[in-house]
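Residue numbering for the sequence shown follows the working numbering, beginning at 373 and increasing consecutively. Backbone N, C-alpha and C fix where the C-beta goes; we use that ideal spot for every residue, glycine too. Since this is a predicted model, take the numbers as computed values, not measurements.
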Amino acid sequence: MSDCIFCRIINQEIPSKIVYEDDEILAFEDVNPLAPIHILLIPKKHIATMDDVTEEDSAVLGRILLKAKEIAAEKGLNENGYRIVNNCKAHGGQEVFHIHFHLLGGEKLGLFV
Ligand code: 5GP
Ligand code: ZN
């Protein structure tokens, strides 16, 4: 998807601060952090929204959640906790239509960020 900003980040056409990468997953720092730690985790497969997920995506989504947990521990967030967020479509506040999970932490978060 050449017009997708996160596909362009995957293809390194747009620079990002990469936290983790493998064949299926990319994790990188959010350019506009809403907490001391704000990392985005995405599948390399272009899936537009949570609503577009199918059974065949369940493994990579599971891996993303596990990787979020591991990164949280690496960043020292595991003791006090953290938040994993997916915004789906307009009412969910989604702005980038390549599915992503926000990992937020490093301070006591408000109810909504
Ligand atoms: P959404 O509102 O779609 O759930 O979140 C999109 C997130 O992507 C926002 O937190 C925004 O700051 C982040 N973002 C948008 N464009 C870029 C970019 O070019 N690079 C990075 N690293 N983050 C981006
Ligand atoms: Zn994409």
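For residue j and residue i, the rounded distance between their alpha carbons
| i | j | result |
| --- | --- | --- |
| A462 | K447 | 31 angstroms |
| G482 | Q384 | 33 angstroms |
| G465 | N459 | 6 angstroms |
| I411 | T426 | 24 angstroms |
| L476 | D429 | 23 angstroms |
| I338 | N452 | With the chain running from 373 to 485 in the structure shown, residue 338 is simply not present. |
| L437 | P387 | 24 angstroms |
Residue i in three-state terms, based on DSSP
| i | result |
| --- | --- |
| N431 | For the sequence presented, residue 431 should be read as Ala rather than Asn. Reduced to three states, the DSSP call for A431 is helix. |
| G464 | helix |
| E451 | coil |
| I443 | helix |
| L438 | helix |
| I381 | helix |
| G482 | coil |
Reference residue i, options the options, closest by Cα
| i | options | result |
| --- | --- | --- |
| P343 | H472, F473, Y454 | Missing from the structure shown is residue 343; the chain here goes from 373 to 485 and no further. |
| A444 | E479, S374, H470 | E479 |
Legend entry - ligand 1 site residues, beta-carbon cut 5 angstroms against heavy atoms: Qualifying residues, in the order they occur: S388, D402, V403, N404, N459, Q466, E467, V468.
Inset, instruction - Could you tell me which uninterrupted alpha helix (DSSP H) segments, each at least 4 residues in length, are contained entirely in the stretch 374–428, listed from first to last along the chain? - result: Entirely contained in the stretch 374–428, the alpha helix (DSSP H) runs reaching 4 residues are, in chain order, 377–382.
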